[in-house]
Amino acid sequence: MKSAKMHGKTIEAGAGAPERAMCPHCGAEVLLRRRKNIDGESWYWRQKAGESRGCPGRSLTPISNSYRKEI
Ligand SMILES: [Zn+2]
């Protein structure tokens, strides 16, 4: 994910961002990660594997509450 929360503020992933923050969806800890690609590098927040289960922010297209009720 591109944005995380810390002390109630939204923080975009990037070079100046802190190493750890909080998932805005489920409150679990997320770690800052850098991925290299053709255009240079991209930054993103990554949730720990064991804590991402059931988190709506895990997928790139968030599942809305109304959609969840239909399942
Ligand atoms: Zn989460």
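Residues 806 to 876 (my numbering) are what the sequence shown spells out, left to right. The C-beta atom is built at its ideal place from N, Cα and C for all residues, glycine as well. Note that this is a predicted model, so its numbers are computed, not measured.
- Nearest C-alpha to R851 among D844, G845, P823: P823.
- For a cut-off of 8 Å, the C-beta gap from R840 to E846 is around 7 Å, short enough to register as a contact.
- According to DSSP, residue pairing for M827 in a beta bridge involves K810, E834.
- Rounded to whole angstroms, the gap between the alpha carbons of K807 and R858 is 18 Å.
- Inter-residue distance for G821 and T815 is about 14 Å (C-alpha atoms, whole angstroms).
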